[in-house]
Amino acid sequence: MEKKNNKANRARSPQLRSPNSTINSPPSGSSAKERVHSVDPYGFERLEDFDYESYEELMSEYLAVLTRRSIRWSKLLQGRGRLEKSIKVKRYVRKGVPNEHRGLIWMSASGAQEHLEKNPGYYHSLLDTTKQQHDPKLVDSIRTDLNRTFPDNVQFRKTSNPCLQKTLYNVLLAYGHHNPAVGYCQGMNFIAGYLIIITKDEEKSFWLMDALLGRILPDYYSPAMLGLKMDQEVLGELVRTKAPVVWQAMGQHNVMWTLVVSRWFICLYIDVLPVETVLRIWDCLFYEGSKILFRVALTLIRNQQAEVQQAGSLPDVCDSFKHMTRGPYVEDCHTFMQKIFTEPGSLSMATITKLRETCRARIIAEES
């Protein structure tokens, strides 16, 4: 992981919050750096070389979009504790869920709210040492990664009050006991961290983890990581038909898909794309399922296919994939999210399911 570039992605992302949470109000004639907070609304510190001028220009347009979406969502949710799926709601989700409603929408759309209500007290019982003996190996693995989780986020520092590290530890420990076949592996800490930042609730974050790892993305984090390997191969098959020049370049330079896209999938684009772009992707991931991950990947790849085609070596190909996830194309999350539903063309769940079956059988045969 290239830490500087990952932090840059977080720092340059527009945020789905009110203007007051992002923009200061100093005297007239001040610079953009004085008007924009040095810490974003999610707690991530901006880099020294952060482009405040470009950010302010982008936000001036995006905030108008956010205001319209917030008003419409508030009307839609008025008097409702839960949301039923519909064509209208799907359209609303694709256009972005305001941050104040994200927790509710993610919980409803993923089925996590239903599981929480059917299992009262279950989450806390997993943390109760009188009922659940904690696995020392699980505890050590989680503790090792706590300080590595978002060191540039002020909410995860030990000096913060409250410090989200304790919340993160609880969610990961509970999930490890809930799903011992998975336990804990690297990558899960970042996913849990994002869920905590958005929901600000341990129990909800736990049930959203259960929805993601248990139903939306099964076998991604199991010891064999079969689901992750399978979906990387599925992406390759999709690229073969939707971006053939990239597929040819990958074959020509013997580049395995796992080398260039494994982090995209295992971290669900965290530390790959800007924060708000990731959250917009997750809005759709919780509502529509895993095919969204392929739409995002194909849109990134198709946008950079000319550079990949010109690559003269394996390192050049890898560099091209790094370039895909940086710059204005992904920073303007609203336009980018519109593109993921047009650029890749038709992509049905039936097509993905069929490809998964083929790729899964191939992987199992190769590993047996």
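Going left to right, the sequence shown walks through residues 867 to 1234 as the numbering used here numbers them.
Every residue gets a Cβ at the ideal spot worked out from N, C-alpha and C, and that includes glycine.
Rounded to the nearest whole angstrom, the CA to CA distance from ILE937 to GLN944 is 11 angstroms.
Only residues of its own chain outside the window of five on either side were considered, and among them TYR1087 have a CB closer than 7 angstroms to the CB of CYS1051, listed in chain order. The Cβ-Cβ distance between ASN1120 and LEU1079 does not fall below 8 angstroms. With contacts defined by Cβ atoms closer than 8 angstroms, LEU1104 and LEU1164 form a contacting pair. Cβ atoms of TYR918 and VAL902 come within 8 angstroms of each other, at about 5 angstroms. Residue pairing by DSSP leaves VAL1112 without any beta bridge partner. For PHE910, the pairing in a beta bridge is given by DSSP as ASN1019. Relative to the Cα of PHE1056, the nearest Cα in the group GLY1049, VAL1126, PHE1016 and ALA1077 belongs to PHE1016.
DSSP places VAL963 in the coil class of the three-state scheme, outside both helix and strand. The three-state reading of DSSP puts VAL1138 in coil, since its state is none of H, G, I, E or B.
For PHE1056, the enclosing alpha helix (DSSP H) has its first and last residue at 1054 to 1065. Cα atoms of LYS1024 and SER991: separation of roughly 26 angstroms, rounded to the nearest angstrom.
CA-CA distance, PRO986 to VAL1141, rounds to 32 angstroms.
Note on geometry: alpha-carbon atoms of HIS981 and GLY1117 lie some 44 angstroms from one another. Its Cα nearest to that of GLU1233, the residue MET1091 stands out among VAL1020, MET1091, GLU914 and MET1075.
The region 1178 to 1190 and the region 946 to 956 do not touch, with fewer than 3 CB-CB distances between them shorter than 8 angstroms. Residue range 1194 to 1197 is occupied by the alpha helix (DSSP H) that includes GLU1197.
Exposure of ASP915 is indicated by the presence of fewer than 16 other C-beta atoms within 10 angstroms of its C-beta.
Around the CB of ILE1230, fewer than 16 other CB atoms lie within 10 Å, so the residue is classed as exposed.
When the beta-carbon positions are compared, VAL1126 and ILE1147 stay at least 8 angstroms from each other. Contact between the region 989 to 1007 and the region 1065 to 1076 is present: 3 or more CB-CB pairs across the two stretches fall below 8 angstroms.
The residue from ASP1097, PHE1022 and GLY1155 with its alpha-carbon nearest to that of CYS1225 is ASP1097. With distances taken between CA atoms, ASP1001 lies nearest to TYR1041 out of LEU1030, TYR1041 and PRO964. A distance below 6 angstroms between beta-carbons, with the five flanking residues on each side excluded, links TYR1153 to the following residues of its chain, in chain order: VAL959 and ALA975. Rounded to whole angstroms, the separation of the alpha carbons of ALA1172 and LYS1066 is 42 angstroms. In this structure, the CA atom of LEU942 is about 14 angstroms from the CA atom of GLY962. Non-local beta-carbon contacts of ILE1008 in its own chain, meaning distances under 8 angstroms to residues more than five positions away in sequence, involve TYR1035, LEU1038, LEU1039, GLY1042, TYR1050 and ASN1055 in chain order. VAL1048 carries a coil assignment under DSSP once its states are collapsed to helix, strand and coil. Annotated three-state conformation of VAL1126 is helix, per DSSP. Under the DSSP assignment, ARG901 falls in the alpha helix (DSSP H) whose first and last residues are 898 to 901.
Annotation for LEU1101: TRP1123, VAL1127, PHE1160 and ALA1163 place their beta carbon closer than 7 angstroms to its own, counting only its chain and skipping 5 residues before and after. Closest by C-alpha distance to TRP1130, out of LEU1094, GLY977, GLN979 and LYS1108, is LEU1094. The DSSP-derived three-state label of VAL1105 is helix. By the criterion of a C-beta distance shorter than 8 angstroms, ILE1082 is surrounded in its chain by SER976, LEU1151, PHE1152, GLY1155 and SER1156, once the five residues flanking it on both sides are discounted.
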